[in-house]
Each structure stands twice: as structure tokens, then as C-alpha cells.
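Just so it is clear: in the sequence shown, position 110 is 119 by the numbering used here, and no numbers are missing.
Yeah, the Cβ is synthetic: ideal placement off N, Cα and C, and Gly gets one too.
Structure, as C-alpha cells:
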Amino acid sequence: MTTERQRSTDAALRERARAVIPNGMYGHQNASFLPDNFPQFFARGAGAHLWDVDGNEYIDYLCAYGPILLGYKHPTVDQAAGAVQDAGDCLNGPTDKMVELAELLVEITPWADWAWFAKNGTDATVYAASIARTATGKQTILRARGAYHGSSPTWIAGDREIPADGTIEYDYNDLGSVRAALDAAESDAAAVMVSAFRHDVGIDQELPTVEFARGLRELCDANGLVLILDDVRGGFRLDMAGSWAPLGVDPDLSAYCKAIGNGHPISALMGRDSLTEAVAATMSTGSYWFTAAPMAAAKATIETMLEIDGIAHLKRIGNQLRDGWQQAADAHGVGIRQTGPVQIPLMLFDGDDFTTRNVPRAYRFAAELAERGVYLHPVHNGFLSTALSDEDIAHTLEASDEAFAVVAADFAD
Numbered sequence: 010m011t012t013e014r015q016r017s018t019d020a021a022l023r024e025r026a027r028a029v030i031p032n033g034m035y036g037h038q039n040a041s042f043l044p045d046n047f048p049q050f051f052a053r054g055a056g057a058h059l060w061d062v063d064g065n066e067y068i069d070y071l072c073a074y075g076p077i078l079l080g081y082k083h084p085t086v087d088q089a090a091g092a093v094q095d096a097g098d099c100l101n102g103p104t105d106k107m108v109e110l111a112e113l114l115v116e117i118t119p120w121a122d123w124a125w126f127a128k129n130g131t132d133a134t135v136y137a138a139s140i141a142r143t144a145t146g147k148q149t150i151l152r153a154r155g156a157y158h159g160s161s162p163t164w165i166a167g168d169r170e171i172p173a174d175g176t177i178e179y180d181y182n183d184l185g186s187v188r189a190a191l192d193a194a195e196s197d198a199a200a201v202m203v204s205a206f207r208h209d210v211g212i213d214q215e216l217p218t219v220e221f222a223r224g225l226r227e228l229c230d231a232n233g234l235v236l237i238l239d240d241v242r243g244g245f246r247l248d249m250a251g252s253w254a255p256l257g258v259d260p261d262l263s264a265y266c267k268a269i270g271n272g273h274p275i276s277a278l279m280g281r282d283s284l285t286e287a288v289a290a291t292m293s294t295g296s297y298w299f300t301a302a303p304m305a306a307a308k309a310t311i312e313t314m315l316e317i318d319g320i321a322h323l324k325r326i327g328n329q330l331r332d333g334w335q336q337a338a339d340a341h342g343v344g345i346r347q348t349g350p351v352q353i354p355l356m357l358f359d360g361d362d363f364t365t366r367n368v369p370r371a372y373r374f375a376a377e378l379a380e381r382g383v384y385l386h387p388v389h390n391g392f393l394s395t396a397l398s399d400e401d402i403a404h405t406l407e408a409s410d411e412a413f414a415v416v417a418a419d420f421a422d
């Protein structure tokens, strides 16, 4: 199934980039940390497929690290955004699309009374913390050990092993450790920040237990804390009403980004009426936060997901993929672990250890898939789009079977 793949254009762009961009690239999209055959630069996307600058095609299981929910260049979404763009996107104030999007989000989220918009998930999580501090008059935010809530000093200290100032850590799915963190805050706790599911890079993903989620709600209610759900990664892939809706747990604030606009830059924070005064008293703004085209795109994305029952499609193909990977791995005697929601797949290999950055099996598997036209990050969780077809899954599993065979041969006892 492998074909000869060109990489000369990508190599030339990397060389040019090193002259004018720090380290040639920055952030989590820096391909220097990926297998050598992974491209850094891309040319276009359509549906569930992506093409790099050398013309190599991939079935995409990363979705731009999450934003692509309906597939690249989705006509309904892009037409909605384009129509607004033509009329005027960045103006002295927002257009009616802001109100329409807020109305839609409040309509589909039973517990929420208002919506606020920005551009990045970090914008939403940082502002959620600020609102909680304003509302309670307290400063400390309890957050899970190792959790990622955005690239801000609010969440990341200079040393990633040290909690940022103003935060105290607890262990995900461990109410006892939350209580201990609350005690350590010494009556200064403003909020509990919690991810929809545990998704620390390089370790098994962990779904929340009902007892943990409901216990957090009860703990916050009993102690006057704001419960903040970081739904940036799971929002609109796990449940249209919020990722913890199936657990029967409503947060006080919920942060969204990634999938909400199908690649158009927008994030959202939703909250209760009880926090409205705190919002008014907490400054927030951005030069591009009120642009209309992303709001039109988000409205079209959400409406399309509801119309096509996109969550059901993601679950169906996610289960196909998970079952197929397990069968192929078992057939070749390769030990793997698949954890978390099937819509956000993660496969880790027995024998690899991300804590020491020693993951040769994952890197070899991902590299072999890339040669066969499948883009899967070796250690970061993937994301599924509704554009993935049964044919895409079949091709992926055929390529995966060959890749597992290579891993089995290379790492035989």
C-alpha cells in the first residue's frame, strides 16, 4: 500500500522558516517532535482528507488538533462565514450573528443563561477563573494535577512541574484529593476547574466517574465554589448539551473552543445568571473577539451537527476504528491500550514510556501510517470528524494492519 512520497518542498520551507521563525516553528504544531516523515507544512484540506505542500494525501485523524468537526471546507459552514465576511467581518461592534449564536447556545444547553465569546480556549478558561475570583472574592483555583487548561501563566508556571501561582492541584477522579486541596486553600478557594475527561499527553485518557462528577458539584455547592468545566477538547464531540450532560452534572461555567466553529477562530464561555454581575465587574475584551464570520460559522456548525446527528456518526465510526485497531493489534501480538471517548481516540503501546520520552513503537506505527496516507499523531489524542466515511475507516484499518506487522517485527522479543 505504500507509495513513494515527495518531501522536497516541505524541507525547503523548513529551512526558510528557521531563518525567520524562532526554532523554525513553535507550539504544539512543531513537527520537529514528530516522526521524520511527518510534514510541517500543508496546502489544503477537503472533507476528512489533508494534503501537504508536496501533494501527499492523508486521511486525517488530528483535525487541526481538534477544530475540524464537520470536515475541511464544509460548504454550509464556509458559505455562512463567507456571506458575513463579504458584508463586513471586523467592525466597530458585533453584528446580529453574536446574538443569534448566543441564543442558540443557551437553547441547547439547559443549565446555561448566557454566552460570552473570544478566540482561543485559553481566553475562555482564564476568563472563567477571573469571573470565579470576582464572584467569590477569593483567589485559589483547584485544578487537576497535570491538566492542561491553556498556554497562560494562569495555568502554566515557568517550570511545567510546578503549579502556577494561585492554583492547588488534586488528582482527577479522586474526591479525597479534592477535599485535601480545598483544605490546603485555607478558605481561599474560588473554584474547581475540571476537564471533561483526563487527557494529559502521553498517558491513558480517563473518563470521569459519575461519583466524581456529582461529588464535585456537591463539594462546590457546600463550600460556595464555582464549578468550571473545561470542555475545550470534548465540547460538541461528546454531547451537544455539554460533555457532562450524560452524567447529570451541570457546571456553573463551561469553556468551549476547538470544534465550535469547524476551524473558524472562536471560543465561548457559558454561565449561569448567578454569575452575570461578576461578568460585568470583570474586564474582558479583544481586538478580534467580536468578528462576525466565525460566529456565523459556529452557528452553522452547531445547526449542522444537530441536523445530521453528528454525535451518533462520530460514535459509530469511533467504535469501528477502536475495534479494528484492537483486532489488528491482537492478530500481530502487539500490546496496545485505547482509552477515553471513541470520538477522541488515543492508542498507546505497551512497552513505550512517555514520561521518559521513550515511545519508539508509537513513533514507528505513526510513521508507517503516514507512508500509507493516514495521519495519526503518535502520542497526542486524535480527533474524528463527521466527514470520515466507512471507506476511510476501511483504508485506515488496512494500513494499520500493515503498520502493526512492522511494529511486531521491529520489536519482537
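Next on the checklist: Would you call the region 343-352 in contact with the region 231-247, where contact means no fewer than 3 C-beta pairs closer than 8 Å?
Outcome noted: yes
Checklist entry - According to the Cβ coordinates, are Ala153 and Arg207 closer than 8 Å? => result yes
Checklist entry - Should Ala199 and Val258 be called a contact, given that it needs their Cβ atoms to be closer than 8 Å? => result no
Item to check | Reference Asn328; option with closest CA among Gly295, Pro217, Leu397 | outcome: Leu397
Checklist entry - Mind pulling the alpha helix (DSSP H) runs of 4 or more residues that sit fully within the region 253-309? => result 285-289
Checklist entry - Are Thr118 and Ala231 close, meaning C-beta to C-beta below 8 Å? => result no
Checklist entry - Can you tell me whether DSSP reads Thr348 as helix, strand or coil? => result coil
Checklist entry - alpha helix (DSSP H) containing Val86: first to last residue? => result 84-96
Item to check | Start-to-end residues for the alpha helix (DSSP H) that takes in His58 | outcome: Looking at the DSSP string, His58 is not in any alpha helix (DSSP H); the run it does join, the beta strand (DSSP E), is 58-61.
Checklist entry - Are the Cβ atoms of Leu22 and Gly391 separated by less than 8 Å? => result no
Checklist entry - Counting Cβ pairs, one atom from each stretch, are 3 or more of them under 8 Å apart for the region 282-290 and the region 175-191? => result no
Checklist entry - Quick one: is Glu380 buried, meaning 16 or more other Cβ sit within 10 Å of its Cβ, or exposed? => result buried
Checklist entry - Ends of the alpha helix (DSSP H) at Phe206? => result Careful: Phe206 lies outside any alpha helix (DSSP H) and carries neither H nor E.
Checklist entry - Rounded to the nearest angstrom, how far is the Cβ of Pro76 from that of Ala268, given a contact under 8 Å? => result 6 Å
Checklist entry - Which whole-angstrom value is the C-beta distance of Leu256 and Val203, which I expect to be below 8 Å? => result About 12 Å; that fails the 8 Å criterion.
Checklist entry - Arg16 and Asp63: beta carbons closer than 8 Å? => result yes
Item to check | Contact check, Val201 vs Leu247, beta carbons under 8 Å | outcome: no
Checklist entry - Exposed or buried, which one is Val388 when buried takes at least 16 other CB atoms within 10 Å? => result buried
Checklist entry - Using the beta-carbon count (16 or more within 10 Å), is Val135 buried or exposed? => result buried
Checklist entry - Which term fits Asn39, buried or exposed, when burial requires 16 or more other beta carbons within 10 angstroms of its beta carbon? => result exposed
Checklist entry - Run through DSSP, which three-state label would Thr118 get? => result coil
Checklist entry - Which whole-angstrom value is the C-beta distance of Val343 and Ala417, which I expect to be below 8 Å? => result 5 Å
Next on the checklist: Using only the alpha-carbon positions, how far apart do Ala193 and Asp183 sit?
Outcome noted: 16 Å
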